[in-house]
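Trainee:
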Amino acid sequence: MTKQKTIILFFLFIVVALGLGLAQAAPAAENSHLVTGFNAFSTDGIISGLTVSIVETDQYGRLVTAHEVNQENNHFIRVHRHLINGDLDPSFGTNGRADISIPNLNYELFVEAIGFQHDGSGKILIAGSQDINNNGSYDFTVVRLTADGELDTTFNIMPKTFSDDTDRQGLGDMVIQDDNKIVLAGSVPDCGIILCDTDFGIVRYNPDGTFDQSFDGDGFTRIDLGGKDEVVVNAELTDDGRIVLFGLQDTGNTDIFVVGRLLSDGSPDPSLNQDGFAGHDFHFRTDGSGAVLADGSMVVAGFSEGVMKLNEDGSIDESFGTNGILDISTTGISSVYAMLADPDGGFLVSGFSQEGGEGHTRIAKYSSVGSLNTRFGKNGAARLPGNETGNAVRHLTFGGDGRIFMTVGSPFLNRDRVLFRILPDGQLDTGGWVTNNITPLDDSINDMVIQPNGEIVAIGNILDTGMGLARYNPDGSFDTDFGFGRGYLTNGNPRNYGLATAVDSANRIIAVRGIVDTDDGINFKVPRYTPSGSLSLWPTGRPINGMIGNWGGGTDFATEIELYPDESFAVIGTSDGVVAVTRYTSGGAPDLSYGGGGTGTSKANVAAGFAFPSGSALQSDGKLIITGAVENKLFIMRLKTDGAYDPTFSGNGLIVLDIPNSARERFNDVIVLPNGQILAVGSMSNGGNKEMLAMRFNSDGTPDLSFFDNARLQIGINGDAVLNAVTLDQDGSIMMAGCVEKAVGRFAVVRLEPNGSIEFDFGDDGLLTLDETPTMGDACAHAIVRDDNTGEFVLAGYTTNTEGRQQFALVRTKVVLGPTGPTPTPDPSVTPDPSVTPDPTAIPDPTTTPVPGSDFSLYLPLVVK
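For the sequence shown, the working numbering assigns the number 227 to the initial residue and increments by one for each residue that follows.
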């Protein structure tokens, strides 16, 4: 019998408290660590030299632009679709461009609006004003394209003619209702015997392009407000489906702005000023823009330095600014050209500024009460590059991830020349981040591999379909050669978590799906995919959609995968609280030489309770390191190449640790260092917060007491902080990734020198926090990998989008070392407490049956809070 050895560990409790107990160097510039060009919109956030009438983003973040081409005897719509990095989408039209000829269009057409159906089909709606009879009378018209850029012949093209008398008819805007009905709003002529003026004109189509007879009886309505001319500038929908019109009325003496609201049947909404319309004298030119805020109130602005706010009933909000008008001159904007409601309840204004004889474009962000958001740009406003006098902001829209698109061009021509992509903090988007909503629900990356060619494979949870698997090009765009042209796959049901992945030498992707409900309980699956994303069948007898793993327990949950040099691989998880490992050959058959009883499976019973592994690493000699949590304590074990406990590691192959004064701790990842030492990272509790935890062990399992003098590094902030992943730089420096809580979670990286000391030149005293996520929402990194092609690091996890849903997120960073910060001095008042010691090393007991945890969700990996 092997002699049992008990190890009692005394740890000196050192906390590296950021902002407490240490003098701090000035924070490094945030964007200096982001890699320009990774998911960059071009290389500088700008695309110039465009010919664009209108721009919108679809549900996948792709950018669609359109403009009319009016040549002699040749009139058509030219449409481009760009990927999220600004490149043309090769799956659309011909190399990203589609020229759309409309039947019976023989004369001029002007494109005014783009929209998308809400059914996930990717179909594109383009609306404009069309001269049917070459008489200067422009009809409202809308066409539909398929997702690949063809004219959709199943859609009825039915232009609406209000009058043939004059050229005063023109479309202002289009909105798509949740039921896919299409609303067009604009200006239509109203002619008497001698003179003509214009009224509001609204048309509603069914999803198939026919007139909606339920809308005012025939599908269209004309509204005369009694002025000389009434013009619709833009239209929006409220959350309950009412149609809001922003426009201008010429009373004969002055121009006033008008806000109208219609019910779903086309009748005026009496809750707005009793008759559905409200007009107010703004004392400025008012043919600018309007927006509906999240609470139903409205803001309007024109070619002026003011913004007016209206209550939902159309009355002026006297609490806003001065008597309802907010002076925005402090932002430098002298003329507002576009407005946009912000999902957080506020709004954006953009326009023109005159500075030193030069014209500039500016954008500012306000709260709903009219205060500047000082986190945006500089004190709430940002000036964009360019100094062409006369340029105007023509269009402003959000991308699906909170980024802002702005087009700038001549205010006198229906063309835009420059397209900007702006981050939620007001900076130009030069790259660094990738975010993707694979589904409308919560999506999160759990593991990642970078292939030798630089492509990035990411696996995670997709809560409405189970596992999500995506492959990205090195620049962060989806690899459309994978996943049937989409760049990603989904598989399974909401209990099929995608937790781990590996890529073999043939670039086939092996995925671990952590939970699969089967007739005999909870098991796991291991599908393999070809480089194109189709299933790569395992040997005969294996299910087409992946091997079903069954360790004989009621709950067999796989969490990790390790690929051996001979391309056999080990799948690691828990079987009713017992650590289980199955080793498979490269062909997917169990390696019967591994484990006991010729099954290919080894089970390691952690006697302290229900064990949940959440980190693994292979040594160069083939031995396997596994870390995780057992009943809120830490465990680390080493198995020999045959799956048995390695007695040269701590005497019995297993260590269980309980940190004093910590109610819950866990290891989330582990790495073998070049000198054979082992570094495990995770979190522990201290008071009410989680803190980052790193521990270093010698190759024999004894704690390395030279690592911060006690084998443990602990980093705490005023909020939760966790480490989820660890990797090495080329020089042996250690990069540890996770997240910290700063009101909301943020990606965070800690860098250690090869000897294990903190690299104080990195970030802010060794800790880099990526504060400005693309959506400014909650975020956490679950994986970090070094790209050996570039020397950069890619972090992956999730951010929350503007709707509060988690989405896949990757960020590419580079190591930037700033001025050296001060060397930390341990607090002399903190001394070891000899009366409190960790639990002794647990002894494997194959006869003991662990009791599963009562709350299984406690053991799900990568839970931040």
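Even for Gly, the Cβ is constructed at its ideal location relative to N, Cα and C.
Here's the rule: buried if 16 or more other CB atoms are within 10 angstroms of the residue's CB, otherwise exposed. What is F441?
Mentor: Working through the sequence shown from its first residue, we reach residue 441 at position 215. Per the 10 Å Cβ criterion, buried.
Trainee: With a 10 Å radius around its C-beta and 16 neighbouring C-beta atoms as the bar for buried, classify Q343 as buried or exposed.
Mentor: As a first step, residue 343 is located in the sequence shown; it is residue number 117 there, counting from the start. The residue in question, Q343, is buried, as its Cβ has 16 or more Cβ neighbours within 10 Å.
Trainee: Check this for me: beta carbons of L865 and L850, under 7 Å apart or not?
Mentor: The sequence position of residue 865 within the sequence shown is 639, counting from 1. The sequence position of residue 850 within the sequence shown is 624, counting from 1. Yes, the Cβ-Cβ distance between L865 and L850 is below 7 Å.
Trainee: Suppose only complete runs of 3+ residues qualify. What are the beta strand (DSSP E) ranges in the stretch 316 to 372, listed by chain order?
Mentor: Those beta strand (DSSP E) runs which fall completely within the stretch 316 to 372 and span 3+ residues are 323 to 326, 335 to 342, 350 to 357, 364 to 371.
Trainee: From A806 to I798, what distance separates their C-alpha atoms?
Mentor: Here residue 806 refers to the residue found at position 580 when the sequence shown is read from its first residue. Here residue 798 refers to the residue found at position 572 when the sequence shown is read from its first residue. Taking the straight line from one Cα to the other gives about 6 Å.
Trainee: Cα separation between T615 and A608?
Mentor: Locating residue 615 in the sequence shown gives position 389, counting from the first residue. Locating residue 608 in the sequence shown gives position 382, counting from the first residue. Because the pLDDT of T615 is 48, which lies under 50, any placement of that residue in the model is unreliable, and the question is left without a value.
Trainee: Taking just the CA atoms, how far does V526 sit from F546?
Mentor: Taking the first residue of the sequence shown as 1, we reach residue 546 at position 320. Taking the first residue of the sequence shown as 1, we reach residue 526 at position 300. Answer to the nearest angstrom: the Cα atoms are 12 Å apart.
Trainee: On the CB-based measure, 16 or more other CB atoms within 10 Å of its CB, does G902 come out buried or exposed?
Mentor: Indexing the sequence shown from 1 puts residue 902 at position 676. So G902 ends up on the exposed side.
Trainee: Have a look at P385, V457, V459 and flag the residue whose alpha-carbon is nearest the alpha-carbon of R430.
Mentor: For this step, residue 430 is matched to residue 204 along the sequence shown. That would be P385, whose Cα lies nearest to the Cα of R430.
Trainee: Here's the rule I'm using: 16 or more other beta-carbon atoms within 10 Å means buried, otherwise exposed. How should P650 be labelled?
Mentor: Taking the sequence shown and counting its residues from 1, the one referred to as residue 650 is at position 424. By the 10 Å Cβ count, P650 comes out buried.
Trainee: Kindly indicate the opening and closing residues of the beta strand (DSSP E) around A947.
Mentor: What you label residue 947 is simply residue 721 of the sequence shown in a count that begins at 1. That run of the beta strand (DSSP E) goes 947 to 954.
Trainee: Identify every residue that forms a DSSP beta bridge with F437.
Mentor: Against the sequence shown, residue 437 aligns to sequence position 211. DSSP output for F437 lists Y431 as bridge partner(s).
Trainee: Ignore the nearest five residues each way along the sequence and tell me which others in T706's own chain have a CB closer than 8 Å to its CB.
Mentor: In the sequence shown, the residue the question calls residue 706 occupies position 480. Contacts found: P316, S317, R712, G713.
Trainee: What is the rounded straight-line gap between the Cα of S497 and the Cα of L622?
Mentor: Here residue 497 refers to the residue found at position 271 of the sequence shown. Here residue 622 refers to the residue found at position 396 of the sequence shown. Roughly 29 Å separates the two Cα atoms.
Trainee: Alpha carbon to alpha carbon, how far is V675 from I551? Give it in angstroms, no decimals.
Mentor: On the sequence shown, residue 551 is found 325 positions in, with the first residue counted as 1. On the sequence shown, residue 675 is found 449 positions in, with the first residue counted as 1. About 54 Å.
Trainee: In the DSSP assignment, find the beta strand (DSSP E) that holds S541 and state where it starts and stops.
Mentor: Sequence index remark: in the sequence shown, residue 541 carries index 315 (1-based). Looking at the DSSP string, S541 is not in any beta strand (DSSP E), and its letter there is neither H nor E.
Trainee: Going by DSSP, which residues form a beta bridge with E456?
Mentor: Reading the sequence shown from its first residue, position 230 is the one you call residue 456. Note: E456 sits in a beta bridge opposite Q475.
Trainee: Just reading off the beta strand (DSSP E) that D1013 is part of, what are its end residues?
Mentor: The residue you call residue 1013 lines up with position 787 of the sequence shown. First-last of the beta strand (DSSP E) with D1013: 1005 to 1013.
Trainee: In chain order, what residues of the same chain lie with their CB nearer than 8 Å to the CB of L689, ignoring the 5 residues before and after it?
Mentor: As a working mapping, residue 689 is identified with position 463 in the sequence shown. So the list reads T665, L667, D668, D669, P720, once near-sequence residues are dropped.
Trainee: Return the residue from the list N300, G322, E298, E294 that minimises the CA-CA distance to R307.
Mentor: Here residue 307 is taken as the residue at index 81 of the sequence shown, counted from 1. Comparing Cα-Cα distances from R307 to each of N300, G322, E298, E294, the minimum goes to G322.
Trainee: Buried or exposed: which applies to P753, given that a residue is buried once 16 or more other Cβ atoms fall within 10 Å of its Cβ?
Mentor: On the sequence shown, residue 753 is found 527 positions in, with the first residue counted as 1. Answer is buried; the Cβ neighbour count reaches 16.
Trainee: So within the stretch 475 to 502, which uninterrupted beta strand (DSSP E) runs reach at least 3 residues, ignoring any that extend past its ends?
Mentor: Here the runs fully enclosed are 481 to 488.
Trainee: Could you tell me which residues DSSP pairs with M384 in its beta bridges?
Mentor: Position 158 of the sequence shown, counting from 1, holds the residue named residue 384. BP columns for M384 are empty, so no partner.
Trainee: Which residues bound the beta strand (DSSP E) around A784?
Mentor: Counting from 1 along the sequence shown, the entry for residue 784 is found at position 558. Residues 782 to 789.
Trainee: Just to confirm, does A504 get its C-beta within under 6 Å of one of the non-hydrogen atoms of the ligand SAH?
Mentor: This structure lacks the ligand SAH; in fact it carries no ligand of any kind.
Trainee: Under the three-state reduction of DSSP, which class applies to S983: helix, strand or coil?
Mentor: As a first step, residue 983 is located in the sequence shown; it is residue number 757 there, counting from the start. Looking at S983 - three-state DSSP - the assignment turns out to be coil, as it is neither helix nor strand.
Trainee: Which residues bound the beta strand (DSSP E) around K866?
Mentor: Reading the sequence shown from its first residue, position 640 is the one you call residue 866. Per DSSP, K866 belongs to no beta strand (DSSP E) and is neither H nor E.
Trainee: Checking 7 Å against the spacing of the C-beta atoms, do A564 and S576 come in under that value?
Mentor: The residue labelled residue 564 in the question sits at position 338 within the sequence shown. The residue labelled residue 576 in the question sits at position 350 within the sequence shown. For A564 and S576, yes; Cβs fall inside 7 Å.
Trainee: Indicate whether R448 and D425 have their beta-carbon atoms separated by less than 7 Å.
Mentor: Along the sequence shown, one-based indexing puts residue 448 at 222. Along the sequence shown, one-based indexing puts residue 425 at 199. Against a cut-off of 7 Å, the Cβ pair of D425 and R448 comes out as a contact.
Trainee: Note down the Cα distance separating P611 from K604, rounded to an integer number of angstroms.
Mentor: Looking up residue 611 in the sequence shown gives position 385. Looking up residue 604 in the sequence shown gives position 378. For P611 and K604, the distance between alpha carbons rounds to 15 Å.
Trainee: Let me know if Q1032 comes out buried or exposed under the rule of 16 or more other beta-carbons within 10 Å of its beta-carbon.
Mentor: Numbered from 1 along the sequence shown, position 806 holds the residue referred to as residue 1032. It counts as buried.
Trainee: Can you check whether the CB of L949 is closer than 7 Å to the CB of R922?
Mentor: Within the sequence shown, residue 922 is the residue found at index 696, counting from 1. Within the sequence shown, residue 949 is the residue found at index 723, counting from 1. Taking 7 Å as the Cβ cut-off, R922 and L949 do not qualify as a contacting pair.
Trainee: Measuring alpha carbon to alpha carbon, tell me which residue in P900, L725, T928, G982 is nearest M863.
Mentor: On the sequence shown, residue 863 is found 637 positions in, with the first residue counted as 1. Residue T928 is the option with its Cα nearest to M863.
Trainee: Keeping to the same chain, check which residues put their C-beta closer than 7 Å to that of H506; ignore five residues upstream and five downstream.
Mentor: By 1-based counting over the sequence shown, the position of residue 506 is 280. Within the same chain, H506 has close Cβ partners I482, F483, M534, I542.
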